[in-house]
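Below: one structure, written as structure tokens.
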Amino acid sequence: MLFNVVWIRDNETLHDYCQQWQQLPFITLDTEFFRETTFYPIAGLIQLSDGKAPYLIDPLTITDWLPLAILLQSKQVVKVLHACSEDLELLYQLTGVITEPVFDTQIAAAFLNMGITLGYSSLIQQLLHKEVSKEEKRSDWLRRPLSHEQEQYAAADVMYLIELYHYFDTHLSKQKQAWLFEDTLSLAKHYAEQSDYQNLYKSSRQAWRLSRQQLAVLRALYAWREEEAIARNLARGRLLKDNSLFMMAKYMPATIVSLAKTPELHPSVLRKEGEKLLSVIDKAAKSPPETWPEQLQKAVSMNSSQFAKQLKQKVFEQAEVLGICPELLWRKKIIEPLIAADAGQQCEQFSDSLQGWRKHILSNILVQTIS
1 MLFNVVWIRD
11 NETLHDYCQQ
21 WQQLPFITLD
31 TEFFRETTFY
41 PIAGLIQLSD
51 GKAPYLIDPL
61 TITDWLPLAI
71 LLQSKQVVKV
81 LHACSEDLEL
91 LYQLTGVITE
101 PVFDTQIAAA
111 FLNMGITLGY
121 SSLIQQLLHK
131 EVSKEEKRSD
141 WLRRPLSHEQ
151 EQYAAADVMY
161 LIELYHYFDT
171 HLSKQKQAWL
181 FEDTLSLAKH
191 YAEQSDYQNL
201 YKSSRQAWRL
211 SRQQLAVLRA
221 LYAWREEEAI
231 ARNLARGRLL
241 KDNSLFMMAK
251 YMPATIVSLA
261 KTPELHPSVL
271 RKEGEKLLSV
281 IDKAAKSPPE
291 TWPEQLQKAV
301 SMNSSQFAKQ
311 LKQKVFEQAE
321 VLGICPELLW
331 RKKIIEPLIA
341 ADAGQQCEQF
351 SDSLQGWRKH
361 ILSNILVQTI
371 S
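Structure, rendered in structure tokens:
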């Protein structure tokens with residue numbers, strides 16, 4: 001199928017269309033971007049459809065994003081996307097607003113137990129029996145003009161979303177739709193919340209091996225990298241690899257010579273930032289012991305104990321009853337702390353910390369498992 005695309009390249013045209021779209025019950029959205037060396041994604045294209053046509057909004061020429069921001073914030077207009085996480089990040093970066101309500105067709109599929117991370121082309125093929133080319137997915141979206149193939153690929157992304165939305169809107173119960181909107185709002189808010197740089201070090205898989213003093217150094221190094229990466233709009237790994245940060249924290253080098261032995265430390269970073277890194281390490285290492293982080297526990301296997309196996313069995317049974325993918329409930333960041341507590345009163349404390357639609361379901365499962 002060939003689509004007749006409509007380009008929007010100036011502020012006035014975007015303003016006029018956004019006013020029209022605010023009268024609709026829903027729109028479909030997608031974005032194309034480039035992100036290899038930068039901290040923030042570079043917008044290449046925004047695709048939108050109102051059911052009449054696919055519109056290609058050019059972020060290389062648009063300078064006033066207020067009309068789109070107003071549309072994205074409108075609670076009367078559902079924004080339909082697929083695998084929306086990175087799209088929401090880009091839209092927040094452009095407009096500075098939280099997009100809501102968002103209907104994510106990938107999450108919708110999970111709520112019908114069709115798979116937890118079903119790809120767009122697979123979903124189109126499975127539900128609409130149509131083929132979507134993937135050839136242009138990794139093409140250069142910053143070049144102008146875009147090729148005919150790129151335009152058609154971009155148009156298909158939002159046009160087929162319309163049919164998917166109608167399908168899921170019909171097949172998902174009101175309760176499941178409410179759960180879906182809750183999850184997507186949480187995703188959207190994530191990009192609006194200022195990062196807590198002081199907790200980034202906990203993402204290190206080997207952090208549990210370090211002493212409290214070493215953790216203080218690791219915490220300072222992770223915070224420094226984040227601040228520098230944002231300031232320079234540079235991908236974290238282009239500045240310092242995670243393993244480099246861990247090894248610096250482990251050995252706490254005090255000289256340029258010893259710092260140079262850090263694995264995967266680029267010579268240019270050593271030359272330009274070596275003294276600063278030594279200062280960060282020294283300051284954190286000499287900070288008062290009472291300010292050092294608490295020792296971290298080794299990550300537990302989600303199948304590590306009889307309690308974990310019983311919990312998993314009950315979670316999966318409940319997911320089957322609900323007709324949803326069990327992975328919607330059996331999530332690492334939720335389940336691991338419960339398993340680490342390993343039953344008893346501590347689990348009841350974790351139950352109290354659960355939030356949203358999962359709280360009632362998982363709390364009941366916890367009570368059954370503990371008893």
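full-length UniProt numbering numbers the first residue of the sequence shown as 1 and each following residue consecutively. Note that CB positions come from ideal geometry on N, CA and C, so glycine has one too. All values derive from a computational prediction rather than experimental measurement.
Alpha-carbon spacing of residue i relative to residue j, whole angstroms
{"i": "T61", "j": "A69", "result": "17 Å"}
{"i": "P54", "j": "K333", "result": "38 Å"}
{"i": "Q345", "j": "A260", "result": "Annotation note: pLDDT 47 at Q345 (below 50); position unreliable, coordinate value reported separately. Taking the straight line joining both Cα atoms gives about 48 Å."}
{"i": "A343", "j": "I370", "result": "The predicted position of A343 is uncertain, since its pLDDT is 46 and thus under 50; no value can be drawn from it."}
{"i": "A178", "j": "L14", "result": "31 Å"}
{"i": "L123", "j": "L164", "result": "8 Å"}
{"i": "S49", "j": "T28", "result": "5 Å"}
{"i": "V315", "j": "P101", "result": "28 Å"}
{"i": "Q306", "j": "G323", "result": "26 Å"}
{"i": "A154", "j": "E275", "result": "47 Å"}
{"i": "E149", "j": "F168", "result": "29 Å"}
{"i": "Q20", "j": "L71", "result": "10 Å"}
{"i": "K75", "j": "P67", "result": "15 Å"}
{"i": "D64", "j": "D16", "result": "12 Å"}
{"i": "G51", "j": "Q22", "result": "14 Å"}
{"i": "K174", "j": "E317", "result": "22 Å"}
{"i": "E151", "j": "Y191", "result": "28 Å"}
{"i": "K250", "j": "H129", "result": "54 Å"}
Whether residue i touches residue j by CB criterion (7 Å)
{"i": "L296", "j": "W224", "result": "no"}
{"i": "F26", "j": "V78", "result": "yes"}
{"i": "Y197", "j": "E226", "result": "yes"}
{"i": "L221", "j": "M248", "result": "yes"}
{"i": "L90", "j": "T99", "result": "no"}
{"i": "L180", "j": "I107", "result": "yes"}
{"i": "G356", "j": "E193", "result": "no"}
{"i": "L210", "j": "S85", "result": "no"}
{"i": "A308", "j": "I339", "result": "yes"}
{"i": "T37", "j": "D104", "result": "no"}
{"i": "Y120", "j": "H171", "result": "no"}
{"i": "N233", "j": "F39", "result": "yes"}
{"i": "W292", "j": "R358", "result": "no"}
{"i": "A284", "j": "A231", "result": "no"}
{"i": "residue 374", "j": "V132", "result": "Because the chain spans 1 through 371 in this model, residue 374 falls outside it and cannot be assessed."}
{"i": "Q310", "j": "F246", "result": "no"}
{"i": "R9", "j": "D58", "result": "yes"}
Extent of the continuous alpha helix (DSSP H) run through residue i
{"i": "V315", "result": "Q306 to L322"}
{"i": "L172", "result": "It is not in any alpha helix (DSSP H) - L172 carries neither H nor E in the DSSP assignment."}
{"i": "Q47", "result": "Counting along the chain, Q47 falls outside any alpha helix (DSSP H), though it belongs to the beta strand (DSSP E) covering I42 to S49."}
{"i": "F246", "result": "D242 to Y251"}
8 Å CB neighbourhood of residue i in its chain, flanking five on each side removed
{"i": "P267", "result": "none"}
{"i": "E264", "result": "K241, N243 and S244"}
{"i": "L354", "result": "I334, L362 and S363"}
{"i": "L278", "result": "P253, A254, T255, I256 and L259"}
Neighbour flag for residue i against chain B, beta carbons, 7 Å
{"i": "A249", "result": "No chain B is part of this structure, which consists of one protein chain only."}
Own chain partners of residue i with C-beta closer than 7 Å, once the 5 adjacent residues on each side are dropped
{"i": "E273", "result": "none"}
Neighbourhood of residue i by C-beta distance below 6 Å, restricted to the same chain and skipping five residues each side
{"i": "I116", "result": "A110, C325 and E327"}
{"i": "R271", "result": "none"}
{"i": "Y136", "result": "Just to set this straight, residue 136 is Glu in the shown sequence, not Tyr. Cβ neighbours of E136 beyond the five flanking positions: E149, Q150 and Y153."}
Residue i, enclosing beta strand (DSSP E) - first and last residue
{"i": "D104", "result": "V102 to D104"}
{"i": "K79", "result": "V78 to L81"}
{"i": "L29", "result": "F26 to F34"}
{"i": "V6", "result": "V6 to I8"}
{"i": "L56", "result": "P54 to I57"}
request  = Check whether the stretch 155-171 touches the stretch 316-328, taking contact to mean three or more Cβ pairs, one atom from each stretch, closer than 8 Å.
outcome  = Of all C-beta pairs linking the stretch 155-171 to the stretch 316-328, fewer than three are shorter than 8 Å, placing the two stretches out of contact.
query = Is the stretch 34-52 close to the stretch 135-146, with three or more CB pairs under 8 Å?
reply = The stretch 34-52 makes contact with the stretch 135-146: 3 or more CB pairs, one atom from each, lie closer than 8 Å.
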